[in-house]
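Protein chains: 4
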Amino acid sequence: MKKILLTGFNPVKGIGDNVNPSYEVVKNFGESFLDSQILKLEVPTEFIQSREIIINAIKEYRPDIVLSIGLSASRLNITLERVAINIRDGDMKDNAGYAPRDEKIFEDGQDGYFSNLPIRKIVEQSKKMKIPMDISNTAGTYCCNQVMYTALYYSNNYYPNMKCGFLHIPYFPEQVVYKSNTPSLPFYISKKAVETCLETTLHICFNS
Amino acid sequence: MKKILLTGFNPVKGIGDNVNPSYEVVKNFGESFLDSQILKLEVPTEFIQSREIIINAIKEYRPDIVLSIGLSASRLNITLERVAINIRDGDMKDNAGYAPRDEKIFEDGQDGYFSNLPIRKIVEQSKKMKIPMDISNTAGTYCCNQVMYTALYYSNNYYPNMKCGFLHIPYFPEQVVYKSNTPSLPFYISKKAVETCLETTLHICFNS
Amino acid sequence: MKKILLTGFNPVKGIGDNVNPSYEVVKNFGESFLDSQILKLEVPTEFIQSREIIINAIKEYRPDIVLSIGLSASRLNITLERVAINIRDGDMKDNAGYAPRDEKIFEDGQDGYFSNLPIRKIVEQSKKMKIPMDISNTAGTYCCNQVMYTALYYSNNYYPNMKCGFLHIPYFPEQVVYKSNTPSLPFYISKKAVETCLETTLHICFNS
Amino acid sequence: MKKILLTGFNPVKGIGDNVNPSYEVVKNFGESFLDSQILKLEVPTEFIQSREIIINAIKEYRPDIVLSIGLSASRLNITLERVAINIRDGDMKDNAGYAPRDEKIFEDGQDGYFSNLPIRKIVEQSKKMKIPMDISNTAGTYCCNQVMYTALYYSNNYYPNMKCGFLHIPYFPEQVVYKSNTPSLPFYISKKAVETCLETTLHICFNS
Chain V
8 MKKILLTGFN
18 PVKGIGDNVN
28 PSYEVVKNFG
38 ESFLDSQILK
48 LEVPTEFIQS
58 REIIINAIKE
68 YRPDIVLSIG
78 LSASRLNITL
88 ERVAINIRDG
98 DMKDNAGYAP
108 RDEKIFEDGQ
118 DGYFSNLPIR
128 KIVEQSKKMK
138 IPMDISNTAG
148 TYCCNQVMYT
158 ALYYSNNYYP
168 NMKCGFLHIP
178 YFPEQVVYKS
188 NTPSLPFYIS
198 KKAVETCLET
208 TLHICFNS
Chain Z
8 MKKILLTGFN
18 PVKGIGDNVN
28 PSYEVVKNFG
38 ESFLDSQILK
48 LEVPTEFIQS
58 REIIINAIKE
68 YRPDIVLSIG
78 LSASRLNITL
88 ERVAINIRDG
98 DMKDNAGYAP
108 RDEKIFEDGQ
118 DGYFSNLPIR
128 KIVEQSKKMK
138 IPMDISNTAG
148 TYCCNQVMYT
158 ALYYSNNYYP
168 NMKCGFLHIP
178 YFPEQVVYKS
188 NTPSLPFYIS
198 KKAVETCLET
208 TLHICFNS
Chain U
8 MKKILLTGFN
18 PVKGIGDNVN
28 PSYEVVKNFG
38 ESFLDSQILK
48 LEVPTEFIQS
58 REIIINAIKE
68 YRPDIVLSIG
78 LSASRLNITL
88 ERVAINIRDG
98 DMKDNAGYAP
108 RDEKIFEDGQ
118 DGYFSNLPIR
128 KIVEQSKKMK
138 IPMDISNTAG
148 TYCCNQVMYT
158 ALYYSNNYYP
168 NMKCGFLHIP
178 YFPEQVVYKS
188 NTPSLPFYIS
198 KKAVETCLET
208 TLHICFNS
Chain B
8 MKKILLTGFN
18 PVKGIGDNVN
28 PSYEVVKNFG
38 ESFLDSQILK
48 LEVPTEFIQS
58 REIIINAIKE
68 YRPDIVLSIG
78 LSASRLNITL
88 ERVAINIRDG
98 DMKDNAGYAP
108 RDEKIFEDGQ
118 DGYFSNLPIR
128 KIVEQSKKMK
138 IPMDISNTAG
148 TYCCNQVMYT
158 ALYYSNNYYP
168 NMKCGFLHIP
178 YFPEQVVYKS
188 NTPSLPFYIS
198 KKAVETCLET
208 TLHICFNS
C-alpha cells in the first residue's frame with residue numbers, strides 16, 4: 008500500500024482570504040485513494056515554519072508521493088509545476104510577518120529541481136478528462152515554491168523513490184464574487200485534477 | 008403569463024469552435040420558467056441575417072423580456088451589459104464572411120441604448136447567490152452588441168414595456184483544454200446566472 | 008483661427024499618484040498648434056466639480072474642438088474613445104471623496120453619444136505614424152467618461168459644430184518602475200498621438 | 008580589458024515578424040562599452056543550430072560576460088531572468104521547423120542554473136534610472152531559455168568566472184501598431200536597460 012502526502016495551505020492573510028481553496032480540496036479526500044493511504048496536511052503560509060512542517064512530515068510518514076496544492080490567484084486554469092527553485096523571495100509578508108529577499112531555501116541545495124512526477128502524462132490525461140490543465144515553468148518564489156523545493160530536495164538527497172510535485176489551482180467561483188477580475192474554477196474540477204495527478208502517478212511510477 | 012425570448016448564438020467559425028456555450032445554456036431551458044413561457048432562439052453569428060431573425064422573433068412573439076446570451080472568450084467572469092451602441096464593426100469575418108467597418112445597425116437609431124433590465128439588482132442578487140457576475144460597460148461591436156441593440160431599438164421605438172438585456176458568459180472548462188490561457192466557468196454557473204437574470208427581472212419589473 | 012480646448016486630469020488620489028500623464032501631455036503644448044489656438048485645462052478628478060469646470064470652459068471659450076486626455080492604468084496602447092455614456096459610477100472614491108453609483112450625468116441626456124471626431128481616420132493616420140493607437144468602445148464610467156459625455160452633450164444640444172473626443176493614454180515608463188505589471192509608453196508617443204488627433208481633426212473637419 | 012558577448016535573436020518566423028527588437032538593441036552597440044570589448048552575435052531562432060553557435064562563440068571569444076537579449080511579446084516591462092532550466096519544449100515550430108517536446112538541452116546538465124549576474128542590484132539600479140525592470144522567475148522553455156542555459160552550463164562546468172544572464176524586452180511601439188493588445192517600450196529604454204545590466208555587472212563583479 009502506497010502512502011500519499013497531500014498538502015494544502017491555510018488562508019493567506021496578506022490578501023484577506025479566510026478560505027484557501029488548496030486545503031479545501033485536500034480536506035475533501037478520504038483516508039485512502041485507489042488503495043493508497045492518504046495523509047493530509049494543512050501547511051501554514053509561513054516560510055520558516057512551513058519548511059519544518061514539510062520536512063517532519065516527510066521524515067515521519069516516508070510517503071511514496073508528495074503532492075502539494077496551492078492557490079494561484081491570477082492563472083486562468085490549473086497548472087502543474089515543472090520546476091522548483093532554491094529561492095525564497097516575496098514582496099508580501101507571509102502569515103508570520105516575514106518577507107524574505109533572495110534567500111536560499113537550503114544552503115546546499117541545487118539551483119533547481121524538476122518535479123519527478125510524470126507531468127506530461129498527467130497533463131495529457133487531464134486534458135482527456137476535460138480538465139483545463141497545463142504545465143507551468145515557474146512555481147514563483149513564495150511558499151508554494153518552497154514546499155515543492157523542500158520535498159524535491161529530500162527526494163534528490165535522501166529518498167530517491169519519493170515522487171514530488173505541485174499543482175496550482177485558482178479560486179473557487181464563490182470566492183471571487185467580490186474580487187474584481189479574478190479567474191476561478193469550481194471545486195469539483197480542482198478535485199478531479201488532483202485525483203488525476205495521483206492516479207496517473209500511481210499508474211506510471213508504481214504500476215498501480 | 009409572461010413571455011421570455013432567450014437567445015444564444017451558433018458556433019463562431021472564425022475561432023474554430025463547434026459549440027457555442029451561449030446556446031447550450033439557452034437550449035437547456037424548458038418551455039417555461041417561474042410561470043413564464045420560454046421561447047428559445049439560436050441566432051446565427053452573422054450580422055445581416057441575425058438582425059432580421061431578432062426583429063422577426065420580437066414582432067412574432069411580442070416577448071415581455073428579451074435576454075440574449077453570448078460568448079466572451081476573454082472575460083474572467085460573467086458580465087451583464089449596461090449599454091448597446093449603434094455600430095457594427097469587426098476585424099474578424101462573421102459566419103457569412105462579412106466584416107463590417109463602422110456601420111450603423113439602424114440608420115435612425117440613437118447612438119446608444121441602456122439595457123432596461125434592473126442590471127444593478129441582478130448583479131447584486133447574483134453575488135448573493137455566489138455567482139461571479141459584474142456589470143460591463145461595453146458589449147463590443149460584434150454580433151453580441153447588435154442583438155442587444157436591435158432588441159433595445161425595438162423596445163425604445165415600439166414596445167416600451169419590453170425589457171431587454173445581454174449576458175456575456177465564458178467558455179465551459181471542457182472547451183478550453185486545448186486553448187491556451189483562456190478563462191472558463193462551468194455550465195451550471197452560467198445557467199444559474201441566466202436564471203437569476205430572469206427571476207430578478209420578473210420580480211422587479213413584473214412583480215412576479 | 009480655430010480654438011482647441013485640451014483637457015487633462017490632476018493626479019488621482021485613490022491610486023496614490025502625484026503626476027497624471029494626461030495633464031503632463033496637455034501642459035507641454037504651446038499656445039498654438041497648426042495655426043489654431045490652444046486652451047489648456049487641468050480638470051480635477053472629481054465628479055461634481057469637473058462637470059462644472061468643463062461646462063464653464065465650453066461656454067466661455069466656445070472651442071471648435073474639445074480633446075480630453077485621461078490615464079488608463081491597464082490598457083496596453085493608446086485608445087481613442089468611440090462613445091461616452093450617461094452614467095457616473097465608481098467603486099473608488101474620486102478626489103473629493105465621492106463614489107457615485109449608477110447616476111446620470113445629465114437628466115435629459117441621451118444614453119450615449121458617439122465622438123464626432125473622425126476617429127477611424129485618426130487611428131489610421133496614427134498607425135501610419137507608427138503610434139500604437141486603437142479605437143476603444145468604452146471610456147468607463149468614471150471622470151474620463153464624464154468629461155467626454157459632458158462635451159458631447161453640449162455639442163449635441165447647443166454647439167453642433169463643436170468636435171469632441173477622448174484619448175486614453177497609459178502611464179509613462181518612469182511612473183511604473185515601482186508598480187507591478189503596469190503597461191507604459193513614453194511621453195513623446197502620447198504627445199504625438201494628441202498631435203495626430205488634432206491635426207487629423209483640423210484637416211478632416213475644418214479643411215485646415 | 009573585459010570581453011562582453013552580447014547576443015540577440017533573428018526574427019521569429021512563427022509570429023510573422025521581420026525585425027527582432029533584441030538584435031536591434033545589440034546591433035546598436037559599438038565595439039566597446041565602458042572600456043570593455045563588445046562582441047555582437049545574432050543567434051538564429053532555432054534550437055539545434057543556436058546551441059552550437061553559442062557554444063562556439065563562448066569557446067572562441069572566452070567572454071567575461073554573456074548577456075543575451077530576447078523578445079517577450081506579452082510582458083509589460085523589461086525582465087531580467089533569475090534561472091534557466093534544462094528543457095527545450097515548445098508548441099510553436101522554431102525557424103528550422105522544429106518543435107521539441109520536453110527535451111534536455113544538455114544530458115549531464117543540472118535541472119536549473121541561476122544567473123550569476125548581480126540581478127537584484129541590476130534591477131535596483133535600473134529602477135533608480137527610471138527603467139521599468141523586474142526580476143522574472145522563468146525564461147520559458149524556448150530558444151531564450153536555451154541560450155541562457157547553455158551559457159550558464161559552460162560557466163558552471165568550465166568557466167566559473169564567466170557571468171551570464173538574460174534580459175527579456177518587449178516589442179518596440181512601432182512594431183505593435185497592427186498587432187492587437189500587445190505591450191511595447193521604445194528602443195531607447197531597452198538600450199538603456201542593457202547598458203545598466205552591463206555597467207552594474209562590470210562594477211559589482213569586476214570592480215570596473
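Residue numbers (the working numbering), protein chains in the order written: chain V, 8 to 215; chain Z, 8 to 215; chain U, 8 to 215; chain B, 8 to 215. A virtual CB, placed ideally from N, CA and C, is assigned to each residue, including glycine.
Cβ neighbours of residue i in the same chain (closer than 7 Å, five flanking residues each side left out)
i	result
K198(U)	V32 and N35
P107(Z)	F54, R95, D96 and G97
S39(V)	I45
Check whether residue i and residue j have beta carbons under 8 Å apart
i	j	result
Q182(B)	V26(B)	yes
A200(U)	F173(U)	no
I142(U)	R89(U)	yes
Y185(Z)	A80(Z)	no
P28(V)	L46(V)	no
C151(B)	G77(B)	yes
S215(Z)	K10(Z)	no
R127(B)	D109(V)	yes
I22(U)	L87(U)	no
C204(V)	L74(V)	yes
D132(V)	A103(V)	According to the sequence as given, residue 132(V) is Gln; it is not Asp. Going by C-beta atoms, Q132(V) is not nearer than 8 Å to A103(V).
Cβ-based burial, residue i [other Cβ within 10 Å; buried from 16]
i	result
M99(B)	exposed
F213(V)	exposed
Y149(Z)	buried
M169(Z)	buried
A91(U)	buried
I4(V)	With chain V running from 8 to 215 in the structure shown, residue 4(V) is simply not present.
L41(B)	exposed
D101(B)	buried
P180(B)	buried
Y30(U)	buried
Own chain partners of residue i with C-beta closer than 6 Å, once the 5 adjacent residues on each side are dropped
i	result
I61(Z)	V154 and T157
I65(Z)	Y161
D24(B)	P18
H135(B)	It is worth fixing the name first, because residue 135(B) is Lys in this sequence and not His. Once the five neighbours on either side are set aside, K135(B) has no close Cβ partner at all.
K111(V)	N93
S43(U)	K9 and I11
Neighbourhood of residue i by C-beta, 8 Å cutoff - its chain only, sequence neighbours within 5 removed
i	result
I196(U)	I85, I138 and P139
Y68(Z)	K10, L12 and L46
Y105(B)	E53, F54 and I55
Residue i beta carbon near the ligand SAH (any heavy atom closer than 7 Å)
i	result
V50(B)	Absence of the ligand SAH from the depicted structure is noted, as is the absence of any ligand whatsoever, leaving it without description.
Exercise for review: Pair every Cβ in the region 88 to 99 of chain B with every Cβ in the region 143 to 156 of chain B, then say whether three or more of these pairs are closer than 8 Å.
Suggested key: yes
**Study point:** Validate contact between the region 186 to 206 of chain Z and the region 186 to 195 of chain V using beta carbons, cut 8 Å, 3 pairs
**Key:** yes
Practice item. Answer yes if the region 15 to 22 of chain B comes into contact with the region 205 to 214 of chain U, meaning at least three C-beta pairs across the two stretches below 8 Å, and no otherwise. Key: no
Check your understanding: Taking three-plus beta-carbon pairs below 8 Å as touching, is the region 111 to 127 of chain Z in contact with the region 109 to 125 of chain U?
Key -> yes
Point to revise | Contact set between the region 102 to 135 of chain Z and chain U, restricted to residues whose Cβ is under 7 Å from the partner | key: D109, Q117, D118, G119, Y120, F121 and R127
Point to revise | Residues of the region 142 to 175 of chain V whose Cβ lies closer than 7 Å to any Cβ of chain B, in chain order | key: N144, T145, G147 and T148
**Study point:** Residues, ordered as in the chain, of the region 177 to 192 of chain Z that lie near chain V by beta-carbon distance below 8 Å
**Key:** P180, E181, V183, V184, Y185, S187, N188, T189, P190, S191 and L192
**Study point:** Interfacial residues, the region 79 to 91 of chain Z to chain U, with Cβ spacing under 8 Å
**Key:** R89 and V90
Check your understanding: Which of the residues in the region 11 to 33 of chain Z, read from start to end, lie with their CB under 7 Å from any CB of chain V?
Key -> none
**Study point:** chain V contacts made by the region 54 to 72 of chain Z, where a contact means CB separation under 7 Å
**Key:** none
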